[in-house]
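Just so you know, the sequences run in chain order D and S. In this text, residue positions in the first sequence follow the numbering used here: the first is -9, and each later residue adds one. In this text, residue positions in the second sequence follow the numbering used here: the first is 202, and each later residue adds one. Where is the CB? At the ideal position from N, CA and C, for every residue including glycine. Notes for the one structure printed next.
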Amino acid sequence: MAEVLVLVDHTAGEVRKATFELLTIARRLGEPSAVFVGEAADAAAAAGSLAAYGAEKVYVVSDPEVTAYLVAPQAEVLAQLVESASPVAVLIPSSPSGKEIAARLAVKTSSGVITDAVDVQPGGAGVETTQSVFAGSYTVKATVTKGTPIIAVKPNSAAPEEVSGAGTVEEVTVTLSDLAKSAKITEAKPKAASGRPELTEAAIVVSGGRGTAGDFGAVEAFADSLGAAVGASRAAVDAGWYPHSNQVGQTGKQVSPQLYVAAGISGAIQHRAGMQTSKTIVAVNKDEEAPIFELVDFGVVGDLFQVLPQATEAVNAAKG
Amino acid sequence: MNIVVCVKYVPDAQSDRTFTEDNTTDRVGVDGLLSEIDEYAVEEALKIVEAGEGEVTVVTMGPEQAADAIKKALQMGADKGVHIVDDALHGSDAAATSLVLAEAVKKIGTPDLVITGMSSTDGIMSVVPAMLAERLGLPQVTFASELTVDGSTVTARRDGDTASETIVASLPALVSVTDQINEPRYPSFKGIMAAKKKPVEEWALADLGVDASLVGLDAAWTRVESFTKRPPRAKGTIVADEGDGGTQLAAFLSAQKFV
Ligand SMILES: Cc1cc2nc3c(=O)[nH]c(=O)nc-3n(C[C@H](O)[C@H](O)[C@H](O)COP(=O)(O)OP(=O)(O)OC[C@H]3O[C@@H](n4cnc5c(N)ncnc54)[C@H](O)[C@@H]3O)c2cc1C
Ligand SMILES: Nc1ncnc2c1ncn2[C@@H]1O[C@H](COP(=O)(O)O)[C@@H](O)[C@H]1O
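Here is the structure:
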């Protein structure tokens, strides 16, 4: 069976859940081959977890040059593997970097690229993808008509299935072009971990906006009662109340959790663009005219500083 | 310092965005405007040139109406515009768009910087900048939330999920900017008047030496097979808090098995 390349998303060898989803999707199309770019010391642990989700092969690229420069080297690595393995598709996490790697790979291999896929299925012309566009108001199905389908897939697009693969490790040596080494990453300041689930992967997201007036305490406590990730509107981020990496919306993260709670957020189109495809939507807002109420399954017109603590207490009590 | 800014004309997100019969984005039947994120790209270019010297050229590829995007950028202060317009371009995908923009940048004469938005507000693909860097053979310095140009070096801050990175490259380079980078100016009355006299060139594919068979809907490397409007969300329950709003919310979440 033909290979499907999956670019692994990991931090120091700890593979992110979204990668297991990609491996699960890859099995619908062919034989999953994981592509691990990172330190050799981290590869063994990663290979084990990748095999547990069906990776037959694990290509390991441990040349430190590949991660010392922005995006371009990873596209060259994948182009080299596309050439040697002739995969039926390449699956990449639909993160900002992932989409850029996909973009460059598409130009290098003269292949069609699709980003932000929420589903990938084998189809008539090879692979059929599903995306949600225009702030979630349309669902689009698309196919790739040229080259090797390169698909950037969003987190939460499949339920990861544990199934053991051979996980045969193959070291890959790469020769990078000078162009690939032209934008150097000279410093990387790690972000402090919040201990909460990652925004794009979380099943529940609780977000706060300008209505918090800078106090995210009630939002965080409610999030913690539900085991949720915390998000923020751009107004809250611009005010410096919450980090930009937690922004939900057009220029932040696009999330699609089972449950999205918007507290003190009006529901501007740019915010909706990041959360409108959530399964269940709840809002707490003082203003009954707030546009966010057009989207909700359940809404409370009220002060978030009254409503959220009471809800938090009730949720904690129900959990016992 | 000469800078080319790529700006896109997009359907207004406040209007009913939709598709046409051939499954392409409706760019004609819907009100359009300069993609808001590209205003940050224009602003950054203006700031860099104002701090030194040089010229800002804005380029757009799009239908006749896309001239509005150039006009807005000129009103903000850009010096000249190039509008690539050709019937054969209808339905072009990101690969073809980047091909055409790359040829346009070359024809303008490769500048010190090419600046784009981090993504367009209609597609939100964030692929054209990386494709342009690849095609032009320029260092890719994308998703810049902070930018400094010093001599022949450009330094940017790129915020990722797990780290905030510093990216350094030498000029010429391609930069894409986020909406964190600056506060775009509003066109002044003087700017609006001055824009009327600024040069705008219209180029067709032939002017760029790009073969029409490489662009447009038929040449696209991807195809939209179908589009469906999402059914409107069923009207939800909205309660006014009369002292038990939080309890009601928790009860809803329990009933939905979130607790
Ligand atoms: C290019 C561009 C990109 C953008 N990208 C994004 C993006 O990615 N994400 C994003 O969110 N926005 C984005 N925006 C901004 C967007 O247009 C809105 O300005 C923003 O979403 C508003 O945030 P907000 O809802 O928190 O604030 P507001 O619109 O000010 O709403 C605050 C709400 O809180 C309510 N409220 C106040 N006090 C209380 C209280 N005590 N209890 C309960 N409710 C209360 C008010 O009734 C109001 O509805 C973007 C804009 C542009 C131009
Ligand atoms: N048709 C176009 N004309 C000019 N610039 C464009 C065009 N399409 C995309 N761009 C540029 O590429 C950026 C990212 O677009 P995208 O990859 O479509 O999200 C935009 O912010 C623009 O700067």
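DSSP three-state label for residue i, please.
i      : result
D:G88  : helix
S:E384 : coil
D:V27  : strand
S:T219 : coil
S:D360 : strand
S:K272 : helix
D:N275 : strand
S:V460 : coil
D:P299 : helix
D:A178 : strand
D:V143 : strand
S:T429 : strand
D:G137 : coil
S:N224 : coil
S:K399 : coil
S:S365 : strand
Can you give the Cα-Cα distance for residue i and residue j, rounded to whole angstroms?
i       : j       : result
D:A225  : S:E402  : 39 Å
S:A396  : S:A214  : 26 Å
S:A303  : D:A96   : 15 Å
D:A252  : D:E210  : 12 Å
S:E244  : D:E177  : 26 Å
D:P77   : D:D205  : 50 Å
D:A308  : D:H0    : 36 Å
D:G38   : S:Q449  : 46 Å
S:Q381  : D:D228  : 8 Å
D:A35   : D:G3    : 6 Å
D:A75   : D:E(-7) : 7 Å
S:A289  : S:G417  : 6 Å
S:L333  : D:G217  : 42 Å
D:L189  : S:K308  : 43 Å
S:A242  : S:V206  : 7 Å
S:L247  : S:V378  : 13 Å
D:V(-2) : D:Y43   : 12 Å
S:A270  : S:M277  : 11 Å
S:T226  : S:R218  : 8 Å
D:S235  : D:V5    : 20 Å
D:S23   : S:I204  : 42 Å
D:W231  : D:I255  : 14 Å
Going by DSSP, which residues form a beta bridge with residue i?
i      : result
S:M262 : S:I285
D:S122 : D:T129
D:G113 : D:G116
D:H0   : D:V5
S:A296 : None; S:A296 has no bridge partner.
D:V195 : D:A219 and D:Y250
S:D351 : S:T354
D:Y232 : According to DSSP, D:Y232 bridges with nothing at all.
D:T158 : D:K47
D:E21  : D:E(-7)
S:V378 : S:G318 and S:A345
D:V103 : D:I140
Starting from residue i, find everything on chain D with Cβ-Cβ shorter than 7 Å and list it in chain order.
i      : result
S:D408 : By Cβ distance, chain D contributes nothing, its closest Cβ being about 23 Å from S:D408, past 7 Å.
S:A279 : Within 7 Å Cβ-Cβ: nothing; S:A279 doesn't reach chain D, min ~22 Å.
S:A451 : A301, A304, V305 and A308
S:S455 : A308
Counting only Cβ pairs nearer than 9 Å, list the residues of chain D close to residue i.
i      : result
S:R431 : S122, G126, S127, Y128, T129, Q266 and T267
S:I238 : Q240 and T241
S:R218 : V123, F124, A125, S127 and Y128
S:W422 : A96, S100, S101, G102, V103, V134, T135, K136 and G137
S:S327 : P86, K89, E90, A93 and T105
Residues of chain D with a CB under 8 Å from the CB of residue i: which are they?
i      : result
S:V206 : Result: empty, since nearest Cβ-Cβ is about 18 Å, beyond 8 Å.
S:I368 : L60, A173, K174, I175 and T176
S:D442 : V290, V291, G292, D293, Q296 and V297
S:T448 : Q300, A301 and A304
S:I439 : E278, F283, V286, F288, G289, V290 and V291
S:E335 : A62, A65, A93, R94, V97 and K98
S:V342 : L60 and A173
In chain S, which residues lie with their C-beta within 7 Å of the C-beta of residue i?
i      : result
D:T1   : T363
D:I194 : F459
Residues of chain B with a CB under 8 Å from the CB of residue i: which are they?
i    : result
D:K7 : Going by chain labels, chain B is absent from the structure shown, which instead holds the protein chains D and S.
In chain S, what lies closer than 9 Å to residue i by C-beta?
i      : result
D:I259 : A214 and Q215
D:E118 : E426
Q. Going along the chain, which residues put their C-beta within less than 7 Å of some heavy atom in ligand 2?
A. S:C207, S:V208, S:K209, S:S236, S:I238, S:D239, S:A242, S:V260, S:T261, S:M262, S:G263, S:A295, S:T298, S:L302, S:T317, S:G318, S:M319, S:S320, S:S321, S:G324, S:I325, S:M326, S:S327, S:V328, S:V329, S:P330 and S:S377
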